Structures are given as C-alpha cells and as structure tokens.
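Peer 1:
In this note's numbering, the protein residues as written are 592 to 888.
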C-alpha cells in the first residue's frame with residue numbers, strides 16, 4: 592500500500608515584480624481573484640486532496656501572508672456581535688489550526704528546486720505535493736485531488752500537464768512521452784523551456800506536483816540548470832528510468848497563469864462569471880464594453 596500524500600509545499604518567496612507597484616507592500620499571493628486571495632484557492636485545493644500539513648517557503652516581507660491564516664479575534668468578535676453568521680463561516684475557511692502550517696525562509700532566489708529543497712527537513716521520507724499558487728485551476732474536481740487519485744495507481748513522481756501550442760513550448764518544461772495511457776503518460780524525458788522546433792511533445796508541465804522523496808536527494812546536490820537556477824524539473828528528471836518512474840497527468844480543468852497580468856485578469860473575469868451573485872451584472876458590463884469597442888471600429 593502506497594503512503595498517502597498528506598504534506599504540501601507552497602513556494603511563495605517570489606518578489607512578484609510583474610505586479611509592481613502593488614507588490615511593494617502586498618505579497619502577490621494575497622492579491623484577490625474576486626474576493627479570495629490566490630493562496631486561498633491553493634489551500635482549498637490542497638485540503639480537498641487530503642493535505643494535512645502545509646509548508647510555506649517564504650522570504651522577507653511576507654508577514655501579511657502569515658497573518659492571513661491567523662485567527663482575527665477582534666474581527667470575529669465584531670461579526671458575532673452583529674449576527675453576521677455567513678461572514679463568520681467564510682472566515683473559518685481562512686483559519687489554520689496550530690501545527691497545521693509551517694514557514695521556512697528562502698534567503699536567496701535560486702530557483703524553484705532550491706525553494707522545495709528549503710523545506711526538506713519537514714518532509715522526511717514521505718511523498719509530498721508542491722503547489723504553485725500562481726497557477727489557479729478551475730475544475731469540477733480539484734486538480735490535486737485528481738492527481739492524488741491517479742498517484743494511488745502509479746506511485747513514483749507525477750507532474751500536472753496540459754497541451755500547449757508549439758510556439759508557447761519555450762515558456763514551460765515539456766514532457767518527452769514514453770507511453771500515452773490517456774489521462775496518465777509515462778515519461779522518458781523532460782526538457783526545460785525548449786525551442787518550438789525542439790519540443791518533444793505538446794505536453795507542458797504546470798504548477799502541480801506529487802513527488803517521491805528521492806527528488807530531495809537530487810536537489811541536495813544543488814546542481815544548476817536553465818537560467819543558472821536549481822531547477823525542480825532537473826531533479827524530477829533524475830527519477831526517470833528508476834523503478835519508481837515519472838508520470839505526467841492530463842488534468843481536467845482550466846488553468847490560469849496568475850503570475851501574469853493578462854492571466855490574472857482572465858481568471859478574475861472567469862471566476863466572476865461563475866458566481867451567481869455577480870455573473871448577470873458582470874456579463875452585462877462585458878457585453879456593453881464589446882458593443883462600444885465594435886462601434887468605435
């Protein structure tokens with residue numbers, strides 16, 4: 592019987608420079624899509640997948656992120672006095688019990704692999720998940736939950752993958768597929784940010800991983816890869832050809848790159864339109880904007 596995945600690492604040490612000046616004082620991870628911070632979407636997804644321990648790899652200036660998960664006693668008291676039970680329930684979703692959450696610091700921006708390595712002492716010898724909050728995935732069944740169910744069958748290490756057009760392959764790690772089994776593919780290679788003509792497939796790795804602890808042993812070597820950084824994909828690639836193996840998983844859902852301004856805006860519109868309390872007014876506005884744009888042309 593395979594060990595359950597109960598720990599997840601959230602690399603949140605980045606400076607968020609693409610969102611300056613907002614991120615001068617506000618961590619990008621608590622910028623909101625509609626009325627929920629990016630990090631809340633990641634936490635909700637992890638909880639749905641059975642994650643019990645949440646490990647945040649942070650950096651200087653992220654205290655607001657830590658405060659977000661703490662109990663706001665004064666706010667809760669005021670809401671209770673005013674009988675606002677619905678808002679109290681919403682707040683409960685943001686609270687983390689003592690011992691559920693841990694923070695470790697990444698003092699230098701040396702890459703995603705280095706960020707994961709920083710949490711090594713909290714993982715021990717267990718499989719673990721990695722969730723990048725910039726990648727927000729709208730899905731009927733949360734992406735990581737889909738992966739955990741597939742992992743129970745495959746073991747090894749697993750990466751979430753989506754199909755991308757050739758001209759966008761250079762923005763991702765791309766899988767070289769050994770066997771395509773439908774939603775799951777076995778992997779014989781991984782290429783970090785290949786040129787379009789060199790991409791081995793159209794399956795790009797996005798920010799959801801379930802990793803065998805052996806990946807941490809590879810990261811211990813601190814070998815640098817693309818961009819002079821310690822790449823997580825390089826460490827995962829070392830598992831290819833072992834008895835454990837590496838798998839790609841075609842998740843069911845829509846991924847939004849909220850690390851970019853365009854992706855963040857697209858996600859905001861999409862999540863707004865999915866809300867019964869917002870969709871009619873928002874759709875009417877969008878139709879008005881489109882009509883005005885057509886008239887101007």
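The beta carbon of each residue, even a glycine, is placed where N, CA and C say it ideally should be. Given the structure is predicted, the values throughout are model-derived calculations rather than measurements.
Can you tell me the Cα-Cα spacing of residue 843 and residue 727, whole angstroms?
Peer 2: 13 angstroms
Peer 1: Quick one: grab the DSSP three-state call for residue 790.
Peer 2: Residue 790 falls in the coil class under three-state DSSP.
Peer 1: Please name the residue in 707, 750, 785 whose C-alpha comes closest to that of residue 734.
Peer 2: With distances taken between Cα atoms, residue 734 lies closest to 750.
Peer 1: Taking all protein chains shown into account, decide if residue 821 is buried (16 or more other Cβ within 10 angstroms of its Cβ) or exposed.
Peer 2: buried
Peer 1: Kindly give me the distance between the Cβ atoms of residue 747 and residue 836, rounded to whole angstroms, as I take these residues to be in contact under 8 angstroms.
Peer 2: With 8 angstroms as the limit, residue 747 and residue 836 qualify as a contact, their Cβ atoms being about 4 angstroms apart.
Peer 1: Determine the DSSP secondary structure at residue 840, reduced to helix, strand or coil.
Peer 2: strand
Peer 1: Below 8 angstroms on the Cβ atoms is my guess for residue 648 versus residue 710; work out the distance and round it to an integer in Å.
Peer 2: 6 angstroms
Peer 1: Taking the continuous beta strand (DSSP E) assigned at residue 777, which residues delimit it?
Peer 2: Start and end: 775–783.
Peer 1: According to DSSP, what are the bridge partners of residue 608?
Peer 2: None, per the DSSP bridge assignment.
Peer 1: May I ask you to verify whether the segment 779–790 touches the segment 755–766, counting CB pairs closer than 8 angstroms and requiring at least 3?
Peer 2: yes
Peer 1: Going by other Cβ atoms of all chains shown within 10 Å of its Cβ, with 16 needed for buried, is residue 846 buried or exposed?
Peer 2: buried
Peer 1: What's the C-alpha gap between residue 772 and residue 738?
Peer 2: 15 angstroms
Peer 1: May I ask you to report which of helix, strand or coil DSSP gives residue 631?
Peer 2: helix
Peer 1: Helix, strand or coil: how does DSSP classify residue 798 here?
Peer 2: The answer is strand: DSSP assigns residue 798 an E or B state.
Peer 1: What are the boundary residues of the alpha helix (DSSP H) that residue 654 is part of?
Peer 2: 654–659
Peer 1: Counting only the same chain and skipping the five closest in sequence on each side, list residues whose C-beta sits under 8 angstroms from that of residue 662.
Peer 2: Closer than 8 angstroms at Cβ, skipping near neighbours: 686.
Peer 1: Considering only DSSP beta bridges, list what residue 847 is partnered with.
Peer 2: 727
Peer 1: Check for me: the alpha helix (DSSP H) holding residue 534 runs from which residue to which?
Peer 2: Since the first residue of the chain shown is 592 and the last is 888, residue 534 is not available in this structure.
Peer 1: DSSP three-state label for residue 808, please.
Peer 2: helix
Peer 1: Going by DSSP, what residues sit across from residue 829 in a beta bridge?
Peer 2: Answer is none; residue 829 lacks a bridge partner.
Peer 1: Locate the alpha helix (DSSP H) running through residue 852, then write down its first and last residues.
Peer 2: 852–864
Peer 1: In whole angstroms, what separates the C-alpha of residue 872 from that of residue 679?
Peer 2: 26 angstroms
Peer 1: Note down the Cα distance separating residue 721 from residue 801, rounded to an integer number of angstroms.
Peer 2: 6 angstroms
Peer 1: Measure the CB-CB distance between residue 838 and residue 782 and report whether it falls below 8 angstroms.
Peer 2: no
Peer 1: Let me know the secondary structure DSSP gives residue 665 once reduced to three states.
Peer 2: helix
Peer 1: Give me the Cα-Cα distance between residue 594 and residue 697, rounded to the nearest whole angstrom.
Peer 2: 28 angstroms
Peer 1: Are the beta-carbon atoms of residue 628 and residue 621 separated by less than 8 angstroms?
Peer 2: yes
Peer 1: Could you check the C-alpha separation between residue 807 and residue 826 for me, to the nearest Å?
Peer 2: Approximately 8 angstroms between the Cα atoms of the pair.
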